[in-house]
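Under UniProt numbering, the residue at position 71 of the sequence shown is numbered 71, and the numbers go up by one with no gaps.
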Amino acid sequence: MLEREDDGGIKKTVTWKQRSARVYVATRATYEAQCGSVITQYPLSPLRGAESQKQEPPRKTAGSFISVSGECPLHLDEVRHFLTLCPELSLGWFEEGRLVAFIIGSLWDQERLTTDALTLHKPHGTTVHIHVLAVHRTFRQQGKGSILMWRYLQYLRCLPYVRRAVLMCEDFLVPFYQKSGFKMLGPSNITVGPLNFTEMFYPVRGHAFMRRNSGC
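So this is what it looks like as structure tokens:
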């Protein structure tokens, strides 16, 4: 059971279908309470293995999340934005009430991502744009990012309007997403400063058999 505020600021109790004991769709308020203040102070940073630990400036350990997308352009305002518009497309992993990893998604209605996809949610789209997969820095290198992505893709198969999922990541993370079943679309049309990205997709629609046997 989760509490959610409607447009009039009135709290309503909402029951979400729980995907496991610790992985479930969460509300904007939950994310803000767990990581909002730290994301405001420290933008999401790339996951680069041991090398990044040497290069990163000192930061507060509690509440600091690492993006598994490369240099991530998504900050707290965008997280709030998408959690307000389409909370059903975001997934959080909680342990003992603590947020340890999360995915933020929205709908898109074109074949390839454009800069508009960074801020827009297209309610009639059939493509889920995965903006960010982030893991709390104290839980990194434990496989939680891969597990949460697997759970998220399973969840998308239960949504009849979703045909595929897309994301963009830096080149060094392509093998990570390929292990989750993503395929390359080619260089992304989106750049962030000097950084270039690879666009990848996951065919959700082609898993009809798995969807029929997933309990959805």
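Where is the CB? At the ideal position from N, CA and C, for every residue including glycine.
| query | When you compare only the Cα positions, how much space is there between Leu133 and Gly92? | reply | Here residue 133 is taken as the residue at index 133 of the sequence shown, counted from 1. Here residue 92 is taken as the residue at index 92 of the sequence shown, counted from 1. C-alpha separation (whole angstroms): 10 Å.
| N- and C-terminal bounds of the alpha helix (DSSP H) containing Tyr155 | As a first step, residue 155 is located in the sequence shown; it is residue number 155 there, counting from the start. Bounds of the alpha helix (DSSP H) holding Tyr155 are Lys144 to Leu156.
| said: Going by the DSSP bridge assignment, what does Arg164 pair with across the sheet? | reply: As a working note, residue 164 is residue 164 in the sequence shown. Thr127 and Pro203.
| The alpha helix (DSSP H) with Leu83 in it runs from where to where? | Counting from 1 along the sequence shown, the entry for residue 83 is found at position 83. Residues Leu76 to Leu85.
| request: Find out if the Cβ-Cβ distance for the pair Tyr152, Leu167 is shorter than 8 Å. | output: In the sequence shown, the residue the question calls residue 152 occupies position 152. In the sequence shown, the residue the question calls residue 167 occupies position 167. Contact annotation: Tyr152 and Leu167 have beta-carbon atoms that are not nearer than 8 Å.
| query | Thinking just about the alpha-carbon of each residue, which of His131, Thr198, Thr126 and Glu78 is nearest to the one in Pro160? | reply | The residue you call residue 160 lines up with position 160 of the sequence shown. Considering only alpha carbons, the answer is Thr126.
| message | Taking the straight line between their C-alpha atoms, what separation do you get for Glu88 and Asp109? | response | Reading the sequence shown from its first residue, position 88 is the one you call residue 88. Reading the sequence shown from its first residue, position 109 is the one you call residue 109. Computed Cα separation, rounded: 17 Å.
| Cβ pair Phe182, Phe201 closer than 8 Å | For the purposes of this step, residue 182 is taken as residue 182 along the sequence shown, with counting starting at 1. For the purposes of this step, residue 201 is taken as residue 201 along the sequence shown, with counting starting at 1. Yes.
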